[in-house]
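Chains as they are written, first to last, in our numbering: chain A, 11 to 270; chain B, 347 to 710.
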């Protein structure tokens, strides 16, 4: 009788131990999967904010890190798009816009730029914001030239569908900004603020005034070399900036891919 | 278990190897065999046409650390290789840790803990190593002091820096040529591997070799080497720099330009200054050097330099499959011989290592 009791207890204990082991294995696998997901998330976030900011957010849920840095800001805006919104049905309009953003995004990231945000039919891209980049002005202008090329190719596909070509204005300026995680508890983003951002936006507006597609300021021009073909334009007063702003139209680059 | 362990490694995108195995000189093979306890790693045959690359890879991956345990250096190599997405080094390091007695679960737990449940003292070491590997922002006095407060000597902290920087060399060299997975990865899961474990443990722990003495220290990297004092790493770094610059495969000027660009990219002013001084000694005008560094190009560059200079920059932060494809295209476009391609790889790897190792200058 005692033997049966002992045997029974042993079987029950073995079953309990086996079950516990299985549960531990399952928990281990889930934990491992979570750790991998966290790591993947960390890698994905690195495309939106500097690595240190991502680490702050993962460790503490928020980042209060902000810093002053010199970066290059690129603003791009579709010209005549408002008129297009009145001619196209909504679904087609969104498809055209998404195709445009996709093409621009590829051109920007191929040249180490960070697409910060879409602003209606416009976009803001930063160079040297997420990672130190001593050649950020070169990268930004090469990105703009790649955007010009990508838009020409996109327009060719639109033409096959019987659509009018899109036109873009691009303004590039370089200078100091304050960068950090900006927003409320409900909605935050890694962004930059400062006069440099405002001036880049104004310079983009000047593309209409001068009738060109890519404009850079003196701060950008001074960081470029002989390979970039630039044409000086008359200085113009712009809102919020003391004194006239000198700009240069970017006509091309003898080495547009930068050795790529 | 094996499949799960290999998933983590196999998930890293990786291209086909850019260089076939070759035949190394018998004296070089004998030297590597002595360094690695009787075995010749598979990469030795692939790097064979450039002997300094074989020796540097060999010395940097089997350095006898004097202030760090094998556990410390194994973990640093694991974390840095994973951070750099080096499929070859990460897979090999996991296999070596299995040989040393860590089960797959334990290795995954170490990696998991490093992410979510840190042991404060160990975490500081790994954080420091990761910062050295990433290059920017460079770890500075606060991180260095924090390590010393946990009882680590300044020599130990210098070795943590060097351990991470030397792992970067192995990562870059392996990644750029897309070294195929080491056979040791499979061996550790096979019955034969388990039976051979005592022998393999001896090989992994083998550090009995005498390093040749460092006879002089001047020129590029002299400050970093001097800061390492009497640590064995000092001689390894000195020999690597001297051998790389003396190698006749690519012009010395081309290699110095690649070094200077990588130094500029990683804000390593000391190495950039060393490279600029050496370039002027090569009769390259200071203005031409400055233009090259400011604009990644200059009319003073020859056709190959004009392509290799921007490429050097891309090796600072790179995704394996992309950089492998870039190098393959570049080699084809420039008509690089196998030796030249390997020297581009070695020069890029060494420059990335030296600029990261220079963190020791700020504290020693």
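Positions of the beta carbon are idealized from the N, C-alpha and C atoms, including for glycine.
Bear in mind that the values here come from a model prediction, so they are computed numbers and not experimental data.
Distance, residue 530 of chain B Cα to residue 462 of chain B Cα: No answer about residue 462 of chain B holds up, because its pLDDT of 48 lies below 50 and its placement is not dependable.
Residue 656 of chain B vs residue 607 of chain B beta-carbon contact at 9 Å: yes
Close Cβ partners of residue 273 of chain A (< 6 Å) along its chain, the five nearest in sequence each way excluded: This structure does not reach residue 273 of chain A, given that chain A is present from 11 up to 270, and the question cannot be answered.
Beta strand (DSSP E) segment containing residue 434 of chain B, residue limits: From DSSP, residue 434 of chain B is part of no beta strand (DSSP E) but of the alpha helix (DSSP H) over 433 to 445.
Neighbour flag for residue 661 of chain B against chain A, beta carbons, 9 Å: no
Top-ranked residue by Cα proximity to residue 562 of chain B, from B/577, B/570, B/584, B/699: B/584
Nearest-angstrom Cβ-Cβ length linking residue 81 of chain A and residue 158 of chain A, presumed shorter than 8 Å: Rounded, the Cβ-Cβ distance is 22 Å, inconsistent with contact.
Cutoff 9 Å: residue 643 of chain B Cβ touching any chain A Cβ: yes
Interface residues of chain A facing residue 613 of chain B [CB-CB closer than 9 Å]: 142, 144
Beta carbon proximity, residue 670 of chain B to chain A, threshold 9 Å: no
Residue 640 of chain B at chain A interface by Cβ criterion, 9 Å: yes
Extent of the continuous beta strand (DSSP E) run through residue 126 of chain A: 123 to 129
C-alpha distance - residue 685 of chain B paired with residue 500 of chain B, whole-angstrom precision: 39 Å
is_contact[residue 234 of chain A, chain B] using C-beta, thresh 9 Å: yes
Distance CB(residue 676 of chain B)-CB(residue 690 of chain B) smaller than 9 Å: yes
Residue 469 of chain B, enclosing beta strand (DSSP E) - first and last residue: Residue 469 of chain B -> not in any beta strand (DSSP E); alpha helix (DSSP H) instead, spanning 466 to 480.
Of the listed residues A/142, A/114, A/101, nearest to residue 165 of chain A (C-alpha basis): A/114
Within the stretch 144 to 205 of chain A, ranges of the alpha helix (DSSP H) (whole runs, at least 4 residues): 146 to 170
Classification of residue 359 of chain B by the beta-carbon crowding that lies within 10 angstroms, buried from 16 upward: exposed
C-alpha gap between residue 446 of chain B and residue 362 of chain B, whole angstroms: 29 Å
Min CB distance residue 237 of chain A to chain B below 9 Å: yes
Strand pairing of residue 258 of chain A, partner residues [DSSP]: A/226, A/242
DSSP three-state assignment for residue 567 of chain B, whether helix, strand or coil: coil
Beta carbon of residue 589 of chain B nearer than 9 Å to that of residue 401 of chain B: yes
Residue burial classification, residue 419 of chain B (beta-carbon count within 10 angstroms, cutoff 16): buried
Same chain, Cβ closer than 8 Å to residue 564 of chain B, five either side skipped, listed in chain order: none
Simplified DSSP state of residue 497 of chain B, which is helix, strand or coil: coil
Proximal residues, the stretch 589 to 610 of chain B versus chain A, C-beta separation under 8 Å: 610
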